[in-house]
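Protein chains in written order, with this note's numbering: chain U, 16 to 128; chain W, 5 to 116.
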């Protein structure tokens with residue numbers, strides 16, 4: 016089965032600083048999804064990556080998928096308190112993208128004012 | 005904004021009791037997922053339905069868990085009997101395609 020390793024497990028960053036979260040797969044990724052979860056709430060979809068080398072940005076968040084499609088990174092520029100939460104990467108299960116996702120264990124992000 | 009609703013939001017029960025969690029998917033979504041989130045295991049897929057038919061429940065302990073979708077507006081996840089190790093947050097998500105999976109707010113279950 017596919018496993019996703021996220022690093023770091025937790026991250027404390029001073030407001031205004033940049034940060035990067037990584038997601039590494041044991042197998043080739045055919046669909047990689049980034050979600051954000053606020054404490055005590057459900058997951059919010061951020062971005063989906065499918066092609067090797069693909070990069071997407073939304074506001075101050077940029078996600079990349081490497082050429083080999085086994086690693087993705089999420090980069091936040093000039094972090095703000097609103098970025099705090101748990102970031103999870105998810106990948107298509109072997110049965111295909113519409114058959115549910117396998118998730119990493121998440122990265123807890125704390126933004127210090 | 006269309007939302008997935010889940011009830012109850014919190015449930016505390018004693019070991020051995022039956023627990024039923026409910027989910028109302030977004031109207032028009034044909035796929036409904038059940039996930040469980042714990043600190044140790046993270047977020048795990050338990051089961052999912054497409055067009056109300058169960059497609060995969062291999063992630064679910066079958067002896068005590070059951071998932072059903074009696075109609076297009078309601079999905080249920082039942083645990084009988086519940087055990088302390090079932091304590092977790094249970095999420096329902098609905099969608100048409102995986103990248104449009106919309107998650108509900110979750111049911112936080114505590115089994116004493």
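Think of the CB as a built atom: it goes at the ideal place given N, C-alpha and C, for glycine as much as any other residue.
Chain W residues whose Cβ lies nearer than 8 Å to that of residue i
| i | result |
| --- | --- |
| residue 56 of chain U | 109 and 110 |
Residue range of the beta strand (DSSP E) that includes residue i
| i | result |
| --- | --- |
| residue 51 of chain U | 47-52 |
| residue 19 of chain U | 19-22 |
| residue 115 of chain W | 111-115 |
| residue 9 of chain U | Outside the shown range of chain U (16 to 128) lies residue 9 of chain U, about which nothing can therefore be said. |
| residue 28 of chain U | 25-29 |
| residue 59 of chain U | 58-64 |
| residue 48 of chain W | 46-54 |
Close-in-space but distant-in-sequence residues of the same chain around residue i (CB under 6 Å, 5 per side omitted)
| i | result |
| --- | --- |
| residue 92 of chain U | 33 and 75 |
| residue 3 of chain W | Since the displayed chain W opens at 5 and closes at 116, residue 3 of chain W lies outside it and no answer follows. |
Cutoff 7 Å; reference residue i; Cβ partners in own chain excluding five residues on either side
| i | result |
| --- | --- |
| residue 106 of chain W | 8, 30, 97, 98 and 99 |
Neighbouring residues, chain U, relative to residue i (Cβ below 9 Å)
| i | result |
| --- | --- |
| residue 113 of chain W | Per Cβ cutoff of 9 Å: no residues; residue 113 of chain W is ~14 Å from chain U at best. |
| residue 69 of chain W | Here the premise fails: no neighbours, minimum Cβ distance about 16 Å. |
Residue i: contacting residues in chain W (beta-carbon distance under 7 Å)
| i | result |
| --- | --- |
| residue 120 of chain U | 46 |
Residue i Cβ short of 7 Å to the ligand PLP heavy atom set
| i | result |
| --- | --- |
| residue 20 of chain U | The ligand PLP is not part of the structure shown, which contains no ligands of any sort. |
Close beta carbons around residue i, own chain, < 8 Å, minus the five adjacent residues each side
| i | result |
| --- | --- |
| residue 77 of chain W | 28, 29 and 31 |
Contacts that residue i makes with chain U (C-beta to C-beta distance below 8 Å)
| i | result |
| --- | --- |
| residue 28 of chain W | Result: empty, since nearest Cβ-Cβ is about 13 Å, beyond 8 Å. |
>> Whether or not the stretch 35-48 of chain W and the stretch 115-126 of chain U are in contact is what I'm after, with contact meaning three or more pairs of Cβ atoms, one per stretch, closer than 8 Å; do they touch?
In response: Cβ pair count under 8 Å is three or more, so yes.
> When the Cβ atoms of the stretch 51-60 of chain U are set against those of the stretch 99-109 of chain U, are three or more pairs found closer than 8 Å?
Replying inline: Touching, per the Cβ criterion.
>> Three Cβ pairs or more, each shorter than 8 Å: is that satisfied between the stretch 73-90 of chain W and the stretch 19-29 of chain W?
In response: The stretch 19-29 of chain W and the stretch 73-90 of chain W touch, with three or more beta-carbon pairs separated by less than 8 Å.
>> Which residues of the stretch 23-37 of chain U have a Cβ closer than 8 Å to any Cβ of chain W? Give them in chain order.
In response: So the list is empty, because no residue satisfies the distance condition.
>> Counting only Cβ-Cβ distances shorter than 9 Å, please list the residues of the stretch 76-108 of chain U near chain W, keeping chain order.
In response: Answer set for the stretch 76-108 of chain U: 103, 105, 107 and 108.
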